[in-house]
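Below you'll find the structure, written out as structure tokens, and then a few comments.
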Amino acid sequence: MIEHYDLEVLSPPCEPGAERLTAIARLSVDISELLPYLNATLSEASYFPEAKALIWKDEYRSVAFHPYEIAVSDVDDRDDAVEALDDLIDLVNRTWERRAEIVPSITTRRRPTPMAVYQLLPGIDCKECGEPTCWNFALKLVTGQKRTADCPELSEPRFAANLAGLLEIVV
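Set out below in structure tokens:
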């Protein structure tokens with residue numbers, strides 16, 4: 002599907018002079034037809050059919066897929082940008098090749114609010130997760146910087162219902 006792209010690496014517009022950069026692959030093909038297939042396969046993606054956009058956060062970066070571009074945040078330099086975008090292009094091309102095996106999804110999944118997550122946490126600010134408060138942990142859980150397993154208290158039997166609730170709303 003994608004054979005080549007033009008690369009732009011820049012400081013995020015909201016943070017001029019930032020150490021971490023944003024990279025944009027300008028595509029010569031429209032990938033909007035592929036977005037429902039990516040939405041079906043990327044569990045943490047948020048798809049917006051009306052805008053023809055899919056936002057996804059992998060373990061390290063945020064990625065935005067648009068009809069003629071793919072943007073990725075938090076790259077170190079041009080070489081890191083090329084590596085990240087080549088991996089994303091490979092993901093796009095593999096998904097396109099497998100589209101006959103995938104049931105496309107136009108469902109818009111939204112991340113839970115930090116407050117919804119916080120309300121399911123133990124609320125004891127024990128700091129065992131590495132965060133100073135459960136609120137800080139909730140913020141990082143929503144953005145994918147932390148996992149439910151990072152909170153040892155959630156493995157306690159008394160918090161089993163809380164964990165079950167979190168696992169329903171946090172991917």
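Heads up, the sequence shown is in the numbering used here, so the first residue is 2 and it goes up one at a time.
Note that beta-carbon positions come from the ideal geometry of N, C-alpha and C, so glycine has one too.
Since the model is a prediction, treat every value here as computed from it, not as a measurement.
When the options are compared against residue i, the one with the closest alpha-carbon
| i | options | result |
| --- | --- | --- |
| V118 | T149, D88, E98 | T149 |
| E98 | L35, Y69, F49 | L35 |
| T109 | L43, I25, F49 | F49 |
| Y6 | A24, S12, S29 | S29 |
| I3 | W136, P68, V64 | P68 |
| T23 | L11, R95, R100 | L11 |
| R100 | E9, I170, I25, P37 | P37 |
| I52 | D81, D87, I107, K58 | Checking the sequence shown, residue 52 turns out to be Ala, not Ile. Nearest option by C-alpha distance: I107. |
| I25 | S44, K58, R79, S47 | R79 |
| L167 | E132, P133, P113, T134 | P113 |
| S33 | A41, A54, A162, T42 | A54 |
| A253 | W136, A161, E102, A165 | With the chain covering only 2 through 172, there is no way to say anything about residue 253. |
| P105 | Q120, V171, L43, D87 | L43 |
Extent of the continuous alpha helix (DSSP H) to which residue i belongs
| i | result |
| --- | --- |
| A161 | 161-170 |
| L11 | Where L11 is concerned, there is no enclosing alpha helix (DSSP H), although the beta strand (DSSP E) it sits in stretches over 6-11. |
| V143 | 135-144 |
| L39 | 36-42 |
| V118 | 115-119 |
Identified DSSP bridge partners for residue i
| i | result |
| --- | --- |
| H67 | E70 |
| W57 | V64 |
| S156 | None, per the DSSP bridge assignment. |
| F49 | A54 |
| R27 | D7, E70 |
| V76 | L22 |
Residue i beta carbon near the ligand ZN (any heavy atom closer than 8 Å)
| i | result |
| --- | --- |
| A26 | What this structure holds is no ligand at all, so the ligand ZN is not there to describe. |
Worksheet item: On the three-pair Cβ rule with 8 Å, is the region 148-158 touching the region 113-129?
Response: Using a C-beta cut-off of 8 Å, the region 148-158 makes contact with the region 113-129, since at least three inter-stretch Cβ pairs fall below that distance.
Worksheet item: Are at least three pairs of beta-carbons, each pair with one atom in the region 133-148 and one in the region 73-88, less than 8 Å apart?
Response: Counting Cβ pairs under 8 Å, fewer than three are found: no touch.
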